[in-house]
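Visitor: This is the structure I want to talk about, given as structure tokens.
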Amino acid sequence: MKQMIRRFSELVSRNNLFLSSQEVLRKMIFGLDTRNRQLLVLADTGAAFEEQVIPLRVIQACTVRKQYRGIRPGALQPDHLAEFLDSVELRLDIGGSDPLVLPFYEHGPDPQKAARPAERKAHLWAGAIEQMLKAGKLRPAPPDAESAVNGR
């Protein structure tokens, strides 16, 4: 994790970013530069680090997605839906490219405690990004949005 944090700091400097907020997830760190309207994402793929600098203008939608495991009939107790929660993700739809998925929660031993804060964080991030998109500060995504994301 220390190596990933160090690498993230280097990327912030190298790309002249001014992060207003950042989030450290299990295998990913991302940060939002509201001044330059960019999102920096660094993911640990196991073999290497994968980095992306995404101009916010190429993001077409930002949603929180929750996935649940199967629930047998009669197994659901009132107010215990979180026990069946499998994952909470922030999904960024980017024109001409696969969506970027930021995993905030993956099923663990105590979903009641871990899932709610993760879901709350995901919704806060979605709200911040959506607010920038709706505020008219950003131009619509260009037809070649994929090339903007990949730096081509």
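The letter at position 87 of the sequence shown is residue 86 when you use numbering that gives the first Met the number 0, and the numbering goes up by one with no holes. Glycine is no exception: its CB is placed at the ideal position from the N, C-alpha and C atoms. Please read these numbers as outputs of a predicted model, since none were measured by experiment.
Would you tell me roughly how many angstroms separate the C-alpha atoms of Glu9 and Ile70, rounded to the nearest one?
Guide: Looking up residue 9 in the sequence shown gives position 10. Looking up residue 70 in the sequence shown gives position 71. The straight-line gap from Cα to Cα measures roughly 45 Å.
Visitor: Mind checking whether Ala60 and Asp92 have CB atoms under 8 Å apart?
Guide: Here residue 60 is taken as the residue at index 61 of the sequence shown, counted from 1. Here residue 92 is taken as the residue at index 93 of the sequence shown, counted from 1. Contact flag set, yes.
Visitor: Under a three-way DSSP split, which group does Phe103 fall into?
Guide: By 1-based counting over the sequence shown, the position of residue 103 is 104. Looking at Phe103 - three-state DSSP - the assignment turns out to be strand.
Visitor: Would Leu84 pass as a contact of His106 if the rule is Cβ separation under 8 Å?
Guide: Here residue 84 refers to the residue found at position 85 of the sequence shown. Here residue 106 refers to the residue found at position 107 of the sequence shown. For Leu84 and His106, yes; Cβs fall inside 8 Å.
Visitor: Cα separation between Val11 and Leu18?
Guide: For the purposes of this step, residue 11 is taken as the residue at position 12 of the sequence shown. For the purposes of this step, residue 18 is taken as the residue at position 19 of the sequence shown. Taking the straight line joining both Cα atoms gives about 8 Å.
Visitor: For Val52, write down the residues that DSSP places opposite it in a beta bridge.
Guide: Numbered from its first residue, the sequence shown carries residue 52 at position 53. For Val52, which the question treats as bridged, DSSP gives the partners Leu39.
Visitor: Rounded to whole angstroms, what is the Cα-Cα separation between Arg6 and Lys65?
Guide: Counted from its first residue, the sequence shown places residue 6 at position 7. Counted from its first residue, the sequence shown places residue 65 at position 66. Taking the straight line from one Cα to the other gives about 30 Å.
Visitor: Between Ile4, Glu50, Arg36, Arg68, which lies nearest to Gln130 when the distance is taken from Cα to Cα?
Guide: What you label residue 130 is simply residue 131 of the sequence shown in a count that begins at 1. The option with the nearest alpha carbon to Gln130 is Arg36.
Visitor: Around the C-beta of Leu75, are 16 or more other C-beta atoms found within 10 angstroms, so that it is buried, or is it exposed?
Guide: Taking the sequence shown and counting its residues from 1, one reaches residue 75 at position 76. Exposed: under 16 other Cβ atoms inside 10 Å.
Visitor: Sort Ile58, Glu22, Gly30, Asp109 by Cα distance to Pro98 and report the nearest one.
Guide: Locating residue 98 in the sequence shown gives position 99, counting from the first residue. Taking only the C-alpha atoms, the option nearest Pro98 is Ile58.
Visitor: Among Met27, Arg115, Thr62, whose alpha-carbon lies nearest the alpha-carbon of Ala47?
Guide: Taking the sequence shown and counting its residues from 1, the one referred to as residue 47 is at position 48. For the residues Met27, Arg115, Thr62, the minimum Cα distance to Ala47 belongs to Met27.
Visitor: Output needed for Phe29: all residues of its chain with C-beta closer than 8 Å, excluding positions within five of it in sequence on either side, in chain order.
Guide: Taking the sequence shown and counting its residues from 1, one reaches residue 29 at position 30. Excluding sequence neighbours, Phe29 sits near Gln21, Glu22, Leu38, Leu39, Val40, Leu41, Leu101.
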